[in-house]
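Trainee:
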Amino acid sequence: MITLQEAKAIIVAAEKKAADIGQPMNIAVADCGGNLIAHVRMDNAWLGSIDISIKKAYTSRAFDIATKDLATHSQSGNQFFGIHASNSGKIMIFAGGIPLKRGGKVVGAIGVSGGSGEQDHSVAEAGAAAFK
1483 MITLQEAKAI IVAAEKKAAD IGQPMNIAVA DCGGNLIAHV RMDNAWLGSI DISIKKAYTS
1543 RAFDIATKDL ATHSQSGNQF FGIHASNSGK IMIFAGGIPL KRGGKVVGAI GVSGGSGEQD
1603 HSVAEAGAAA FK
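Quick note: the sequence shown, position 17, residue 1499 per the numbering used here, numbers continuous.
(1) In this structure, does DSSP put G1585 in helix, strand or coil?
(2) With a 10 Å radius around its C-beta and 16 neighbouring C-beta atoms as the bar for buried, classify Q1561 as buried or exposed.
(3) Can you grab the Cα-Cα spacing for the pair T1617 / D1525, in whole Å?
(4) Mind pulling the alpha helix (DSSP H) runs of 4 or more residues that sit fully within the stretch 1508 to 1546?
(5) Buried or exposed for K1613, please, with buried defined as at least 16 other CB atoms from any protein chain shown within 10 angstroms of its CB.
(6) Cβ atoms of V1594 and K1538: under 8 Å apart, would you say?
(7) Going by the DSSP bridge assignment, what does S1595 pair with across the sheet?
(8) If you reduce the DSSP assignment to three classes, tell me which class I1484 lands in.
(9) Given a cut-off of 8 Å, decide if I1575 and S1556 are closer than it, judged by their beta-carbon atoms.
(10) Hey, A1471 and N1517: beta-carbon distance below 8 Å or not?
(11) Thinking C-beta only, is G1596 closer than 8 Å to A1527?
(12) In three-state terms, what does DSSP make of I1573?
(13) Could you check where the alpha helix (DSSP H) with H1555 kicks off and where it finishes?
(14) How would you label Q1487, buried or exposed, when you count the other beta carbons within 10 angstroms and need 16 or more for buried?
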């Protein structure tokens, strides 16, 4: 289980990284069922990225994989090609979603959207690193 307090700490760490790189982001934290615990839209972050950040967190938890890695496996000719069309459109195959683990078990995920894939992933990594 991820508490609201833990979700807020994850978001604070991710916000700091986003501010450091000068890119406003949408940051979402989901529980073990992929349900939203907390979300933040930094000032001037893209409106369209609100939904994407939440879906990245869901995707990462639903498949227990970083969305960056799922994206690699979902390209034409690879084993998960077409996965983005599953789950009623809730699957995001862009970098920025990372599972959150406790004791080796996935208990939730962070999803970040608002910059390049590399920026989204690095901000998600910073948030994930704050989860202990």
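Ideal Cβ placement from N, Cα and C applies to all residues, glycine included.
Mentor: Put simply:
(1) coil
(2) exposed
(3) Summary: the structure shown does not reach residue 1617, with the chain confined to residues 1483 through 1614, and so no result is reported for it.
(4) 1530 to 1545
(5) The sequence shown places Phe at residue 1613, rather than the Lys named in the question. F1613 should be labelled buried.
(6) yes
(7) N1508
(8) coil
(9) yes
(10) Given that the chain is displayed from residue 1483 to residue 1614, the structure contains no residue 1471 and the question cannot be resolved.
(11) yes
(12) coil
(13) 1549 to 1555
(14) exposed
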